[in-house]
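>
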Amino acid sequence: MTRHSIRRQLALIFIGLMTGVILLCWCINTLFLEEYYISSKTKILYDAYGSIRLAAGSDTYGTREFKEKLDDICSMYNITIYVMDAGSQLKYASLNGGLELEIQLFGYILGIFPPSLKVVDQGEDYVIQRIRQEGEEYLEMYGRLMSGISFIMRTPVESIRESANVANRFFAYVGAAGTMAGGIIIWCVSKKITDPIRKLNEISEQMVHLHFEAKYAGKGQNEIDLLGENINKLSASLERSISELKTANNELQKDIEKREQIDEMRKEFLANVSHELKTPIALIQGYAEGLAESVNDDPEGRAFYCEVITDEASKMNAMVQKLLTLNQLEFGNDVVALERFDMTQLVHSYIQSAAILASSSGIEVVLKEPGPVYVWADEYKTEEVFANYFSNAVNHCSGEKKIVVSLEKGQEGLVRVSVFNTGDRIPEESLPHLWEKFYKVDKARTREYGGSGVGLSIVKAIQESMNQKYGVENYSNGVLFWFELESARQEV
1411 MTRHSIRRQL
1421 ALIFIGLMTG
1431 VILLCWCINT
1441 LFLEEYYISS
1451 KTKILYDAYG
1461 SIRLAAGSDT
1471 YGTREFKEKL
1481 DDICSMYNIT
1491 IYVMDAGSQL
1501 KYASLNGGLE
1511 LEIQLFGYIL
1521 GIFPPSLKVV
1531 DQGEDYVIQR
1541 IRQEGEEYLE
1551 MYGRLMSGIS
1561 FIMRTPVESI
1571 RESANVANRF
1581 FAYVGAAGTM
1591 AGGIIIWCVS
1601 KKITDPIRKL
1611 NEISEQMVHL
1621 HFEAKYAGKG
1631 QNEIDLLGEN
1641 INKLSASLER
1651 SISELKTANN
1661 ELQKDIEKRE
1671 QIDEMRKEFL
1681 ANVSHELKTP
1691 IALIQGYAEG
1701 LAESVNDDPE
1711 GRAFYCEVIT
1721 DEASKMNAMV
1731 QKLLTLNQLE
1741 FGNDVVALER
1751 FDMTQLVHSY
1761 IQSAAILASS
1771 SGIEVVLKEP
1781 GPVYVWADEY
1791 KTEEVFANYF
1801 SNAVNHCSGE
1811 KKIVVSLEKG
1821 QEGLVRVSVF
1831 NTGDRIPEES
1841 LPHLWEKFYK
1851 VDKARTREYG
1861 GSGVGLSIVK
1871 AIQESMNQKY
1881 GVENYSNGVL
1891 FWFELESARQ
1901 EV
């Protein structure tokens, strides 16, 4: 997990917010809770004062309703009340120490005032103040009404402070526990958010390296899942675009070189074709003239003459077809369409189709198959390159009569396909010329199996059209031809 991960930030933000809220509440409780309680208690004193004043105006002190109301106020809000009439006769004293306030009230009436800490409010017939007696602090209200009724009420302030302290401690404990529990919950819950984001990050990193196989597999319908679906669409679109760009780039590279090579290729092509066609045309002409002049009148002789003419015509036709293919490649008339496919499957399918050809010559074919190997190339032309290598191997295989086909993944994003056949080595001086049109190492043997000397030129043209390498190597017991293609990874 990185230092600046969203999961860590969410947890820290939540813990910070909870800690800030707890500190803010603690400060507010410490600074304002006592004042709020005093304000609330003052309001209660006002309510009790209103009840006493109402009773004084209607002379209802002796009623049960008046006493019950004051009893409720005293028990509910911890207030002590003492009320007496103009003749100093008791009218009401709360059960929680109301009689003890009688002397205090006489002191106020006679003008003997205990020390006051602070006067909270003062009216025509009442005073609200904070006092301290015997180490205790009280909020107190006393006064004398117009009817002669005197009263005194007080409530302890220390209990308010203690309540505030208890509330602060309780809130701190609960807040700390809640912060820890909330942090753990946020840490666990945020994993559901950060895991898809991390997966999307991995996919995007693979896309940076042009690997598009990885896909987002979210099943929800939230914003992250919708983003994942769009990234999947983007990945597919980029893969198509890159395929098109690779194809266009190949065409552009060929176009740059094509103009300078066209005239030279045309001259060389005409010269080589004229040279290669000279021999079969002369043979056809000679045997045809022999037939016309009845040089050999017996049926077997005429059949032989016709067979020679047909065979030479077939060789000429095969050579012309290959020359047309080579001409299209070299002149850039045949577009190379790069696509992603499994090279192992291509090789395996071709070897199966050519199994009869190899077995009829007594050749054992061995395929070193590493599993699926994906490449970027023109599938049809790649098959033609492999077919030329394989047919050459069959035609030149001798000794152990063994052909070994292998596929190897290189370290530079390349795949090398090689075809080895046992038999005679190629002379070292002939190796550089194998890729030239119409070049033949052993002309007699080449003519024996109908070779035209164009196959390896086609390999060269195809590989260069895809900007890939090719080559040949001699071994002590045979020859190995190879070509390379750009690797396309199957899995991330």
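At position 471 of the sequence shown (counting the first as 1) the number is 1881 in the numbering used here, and the numbers step up by one without a gap. Beta carbons: idealized from backbone N, C-alpha and C, even for Gly. Computed from a predicted model, the values in this text were never measured in an experiment.
How would you write the range of the alpha helix (DSSP H) that A1792 sits in, first residue to last?
Before going further, note that residue 1792 is Thr rather than Ala in the sequence given. Taken as a continuous stretch (DSSP letters only), the alpha helix (DSSP H) holding T1792 covers E1789 to H1806.
> Residues in its own chain within less than 7 Å of A1698 by CB, not counting five upstream and five downstream?
I1719.
> Starting from the N-terminal side, write out each stretch of the beta strand (DSSP E) that is 3 residues or longer and does not extend beyond the stretch 1757-1785.
Here the runs fully enclosed are 1774-1778.
> Can you tell me whether G1430 is buried or exposed, with buried defined as 16 or more other CB within 10 angstroms of its CB?
Exposed, by the Cβ-count rule.
> Nearest by alpha-carbon distance to G1820: which of A1871, S1770, K1879 and M1590 is it?
For the residues A1871, S1770, K1879 and M1590, the minimum Cα distance to G1820 belongs to K1879.
> Rounded to whole angstroms, how far is the Cβ of R1542 from the Cβ of I1519, which I believe are closer than 8 Å?
Not a contact, Cβ separation roughly 21 Å.
> From what residue to what residue does the beta strand (DSSP E) around I1868 run?
It is not in any beta strand (DSSP E) - I1868 instead sits in the alpha helix (DSSP H) that spans G1865 to S1875.
> How would you label G1860, buried or exposed, when you count the other beta carbons within 10 angstroms and need 16 or more for buried?
Its pLDDT being 48, under 50, G1860 is placed unreliably by the model, and nothing is read from it.
> Measure the CB-CB distance between K1501 and Y1456 and report whether it falls below 8 Å.
No, the Cβ-Cβ distance between K1501 and Y1456 is not below 8 Å.
> Buried or exposed: E1774, going by 16 or more other Cβ atoms within 10 Å of its Cβ?
Result: exposed.
> So what's G1376 in DSSP terms, helix, strand or just coil?
Only positions 1411 to 1902 of the chain appear in the structure, and residue 1376 is not among them; the question remains open.
> Helix, strand or coil for D1752? Go by DSSP, reduced to three states.
Here D1752 sits in strand by DSSP.
> So, under 8 Å CB-CB, A1787 and E1896 are touching, yes? Tell me the CB distance rounded to an integer number of Å.
The Cβ separation is near 7 Å, so the contact holds.
> If E1749 and S1653 are in contact, beta carbons under 8 Å, what's the gap, nearest whole angstrom?
Correct: roughly 6 Å between the Cβ atoms.
> Going by DSSP, what residue range makes up the beta strand (DSSP E) through F1893?
Where F1893 is concerned, the enclosing beta strand (DSSP E) stretches over G1888 to S1897.
> Hey, which unbroken runs of the beta strand (DSSP E) at 3 residues or more fall wholly within the stretch 1495-1540?
With a minimum length of 3 residues, the continuous beta strand (DSSP E) runs that stay inside the stretch 1495-1540 are 1500-1503 and 1526-1532.
> Count the other CB atoms within 10 Å of the CB of Q1762; is the residue buried (16 or more) or exposed (fewer)?
Under this definition Q1762 is an exposed residue.
> How is the beta strand (DSSP E) around G1818 delimited, first residue to last?
Rather than Gly, the amino acid found at residue 1818 in this sequence is Glu. K1812 to K1819 is the extent of the beta strand (DSSP E) around E1818.
> Quick check: T1607 and I1634, are their CB atoms within less than 8 Å of each other?
According to the sequence provided, residue 1607 is Ile. The question's Thr does not apply to it. Going by C-beta atoms, I1607 is nearer than 8 Å to I1634.
> Three Cβ pairs or more, each shorter than 8 Å: is that satisfied between the stretch 1839-1849 and the stretch 1793-1807?
These segments do not touch.
> Restricting to Cα atoms, I'd like to know which of V1829, K1870, A1713 and F1830 is closest to F1848.
When each option's Cα is compared against that of F1848, the closest is K1870.
> What's the gap between the Cα of V1599 and the Cα of E1445?
Answer to the nearest angstrom: the Cα atoms are 41 Å apart.
> For L1756 versus P1780, is the C-beta spacing smaller than 8 Å?
Against a cut-off of 8 Å, the Cβ pair of P1780 and L1756 comes out as no contact.
> Quick one, which of E1667, E1789, S1461 and T1452 has its alpha-carbon nearest P1566's?
Looking at the Cα atoms, T1452 is the closest of the given residues.
> Is the distance from the Cβ of I1613 to the Cβ of A1624 below 8 Å?
Going by C-beta atoms, I1613 is nearer than 8 Å to A1624.
> Could you tell me the boundaries of the alpha helix (DSSP H) in which E1475 lies?
Looking at the DSSP string, the run of the alpha helix (DSSP H) that includes E1475 is R1474 to Y1487.
> Run the CB neighbour count on A1421, radius 10 Å, all protein chains shown included, and call it buried at 16 or more, exposed below.
Buried, by the Cβ-count rule.
> Looking only at C-alpha atoms, which of I1491, Q1532 and V1530 sits nearest to Q1514?
Ranking I1491, Q1532 and V1530 by Cα distance to Q1514 puts I1491 first.
> Could you check where the alpha helix (DSSP H) with R1835 kicks off and where it finishes?
R1835 -> no alpha helix (DSSP H), and no H or E assigned at all.
> Between the Cα of D1605 and the Cα atoms of R1418, S1651 and N1887, which residue gives the shortest distance?
With distances taken between Cα atoms, D1605 lies closest to R1418.
> By alpha-carbon positions, which one of W1436, S1886, S1875 and L1443 ends up nearest to N1660?
It is S1875.
> Out of V1864, L1701 and E1510, point me to the one whose CA is closest to A1713's CA.
Per the Cα distances, L1701.
> Taking its Cβ as the centre, do 16 or more other Cβ atoms sit within 10 Å of C1437, making it buried, or is it exposed?
C1437 is exposed by the Cβ-count criterion.
> State the start and end residues of the unbroken beta strand (DSSP E) segment that holds S1468.
First-last for S1468: E1444 to S1468, but that is the alpha helix (DSSP H), not the beta strand (DSSP E).
> Using only the alpha-carbon positions, how far apart do N1439 and G1426 sit?
Answer to the nearest angstrom: the Cα atoms are 20 Å apart.
> Could you tell me the alpha carbon to alpha carbon distance between H1356 and R1826, rounded to whole angstroms?
The requested residue 1356 is not part of the displayed model; the chain covers only 1411 to 1902.
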